[in-house]
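Residue numbers (this note's numbering): 39 to 424.
Each residue gets a CB set at the ideal place from its N, CA and C atoms; glycine is no exception.
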Ligand code: HSE
């Protein structure tokens, strides 16, 4: 194979960036065969050049200023792994696209907030903007929703899209330890955001839901229209009460299509039956369950967080670009053709609910609105329909 090498500039050398370097260093021949050309790193940028990452960076040029990667002649493609919805990450991605360089990013916050403008810029310049790692870590949820299920009108989907909160809920239930103790463990595993409240309060899950909702329903990403609640209000006694009555807590991302462009998207701590598929998605795992008009239901499950899985998705995007793929629509429909979503509040969507009560069996309400059972106590939506 004598094809010209494809040269990457990697910005952000935290756990995921280090994981990407490791994969490229460990599997050069395999990746060259998959990509059809050598995948090489020309230059990198991180916060601390001398930090021990367990992987050598001596072969790569170093940039103190990540944005300079977007202007280097020896960088064909920019990989943004800095994170954050503004600042250096945003400027780097915009500059790279303006300079004619494809971008790979794991940055869900950036895409949820500025995805429309970035997709318009990428599409105007006919450049790939790839982000498989932004949703579901190592699972191919973007490919599933955008490509594999493209024939379908998506009717609804349910997801566990935040590995940290899933890990925290599983650990608290199994060990009875405090939130603080298990949060520290989630941090060690590389699951948590730099600001853990993004995970705990449902914002990270919201970013991912916003992206999937755009692809699923052909609507503009509209983060501000998406209600999010986190896991903070769930107490150990609620978790134990639910378990002993056949239910399990999950931070659920849910989406329903009411009619074309009229949808509900919400992140909500809710209950699933203990013997359901979602209940068995534990620790750092994620799941996406989709119902389409042709396919029926389909699912994708795997590690949703952590350096290895997330780096795996980044490298998959590198190979995709090497193969000449992903120069089409960022969200599955041309950015200029995405609809303005019309959002129905989750409060107005009927469903099944469980009211947990101390020392008594839970009350279960079917096909009702939350407002109709408001008085009953601590109410949680029950997800058992896909
Ligand atoms: N903080 C995120 C999570 C990392 O816990 O899922 C992966 O996106």
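Task: residue 274 versus 189, 394 and 370, residue with shortest Cα-Cα distance - done: 394
- [ ] Measure how close the beta-carbons of residue 118 and residue 50 come, nearest whole angstrom, since I'm counting them as under 8 angstroms.
- [x] 7 angstroms
Task: DSSP-derived helix/strand/coil call for residue 75 - done: coil
Open item on the list: For the ligand HSE, is there any heavy atom lying closer than 7 angstroms to the beta carbon of residue 229?
Closed with: yes
Open item on the list: For residue 86, which residues in the same chain have their Cβ closer than 8 angstroms to its Cβ, ignoring the five residues on either side in sequence?
Closed with: none
Open item on the list: Can you tell me whether residue 324 is buried or exposed? The criterion is at least 16 other CB atoms within 10 Å of its CB, across all chains shown.
Closed with: buried
Open item on the list: Given a cut-off of 8 angstroms on the beta-carbon distance, is the pair residue 74 and residue 360 in contact?
Closed with: yes
Open item on the list: I want to check one thing, is the minimum distance from the CB of residue 202 to the heavy atoms of the ligand HSE below 7 angstroms?
Closed with: yes
Task: First and last residue of the uninterrupted alpha helix (DSSP H) at residue 101 - done: Taken as a continuous stretch (DSSP letters only), residue 101 belongs to no alpha helix (DSSP H), as it is neither H nor E.
Open item on the list: Measuring only from the beta carbon, is residue 86 closer than 7 angstroms to any heavy atom that is part of the ligand HSE?
Closed with: no
TODO: Out of 387, 184, 368 and 308, point me to the one whose CA is closest to residue 165's CA.
DONE: 368
Open item on the list: Give me the DSSP bridge partner(s) of residue 217.
Closed with: None; residue 217 has no bridge partner.
Task: residue 250 versus 272, 105 and 173, residue with shortest Cα-Cα distance - done: 173
Open item on the list: Helix, strand or coil for residue 283? Go by DSSP, reduced to three states.
Closed with: coil
Open item on the list: Among the candidates 47, 43 and 82, whose CA atom is the shortest distance from the CA of residue 67?
Closed with: 43
TODO: Flag this pair as yes or no: are the beta carbons of residue 178 and residue 304 separated by less than 8 angstroms?
DONE: no
- [ ] Consult DSSP for residue 452 and reduce its assignment to one of helix, strand or coil.
- [x] Coverage of the chain is limited to positions 39 through 424, which leaves residue 452 absent and any answer about it impossible.
Open item on the list: With the cut-off set at 8 angstroms, would you say residue 381 and residue 417 are in Cβ contact?
Closed with: no
Task: Nonlocal neighbours in the same chain, by C-beta distance under 6 angstroms from residue 284, ignoring five residues either side - done: 312
Open item on the list: Taking the alpha carbon of residue 293 as the reference point, which residue from 346, 194, 114 and 208 has its own alpha carbon closest?
Closed with: 194
Task: Residue range of the unbroken alpha helix (DSSP H) whose run includes residue 237 - done: 235-238
Task: Check: residue 239 C-beta below 7 angstroms from any heavy atom of the ligand HSE - done: no
- [ ] Consult DSSP for residue 296 and reduce its assignment to one of helix, strand or coil.
- [x] strand
Open item on the list: Can you find the residues in the same chain that come closer than 6 angstroms, C-beta to C-beta, to residue 320, ignoring five residues on each side of it along the sequence?
Closed with: 208
Open item on the list: Taking only three categories from DSSP, how would you classify residue 390?
Closed with: strand
Task: Euclidean distance between Cα positions of residue 289 and residue 199 - done: 8 angstroms
Task: Within 8 angstroms, strictly: CB atoms of residue 57 and residue 348 - done: yes
TODO: Express the C-alpha separation of residue 403 and residue 278 in angstroms, rounding to a whole number.
DONE: 20 angstroms
Task: Where residue 255 sits in the DSSP three-state scheme - done: helix
Task: Meets three-Cβ-pair contact criterion under 8 angstroms: the region 226-239 and the region 133-146 - done: no
Open item on the list: Please list the terminal residues of the continuous beta strand (DSSP E) segment that includes residue 261.
Closed with: Looking at the DSSP string, residue 261 is not in any beta strand (DSSP E), and its letter there is neither H nor E.
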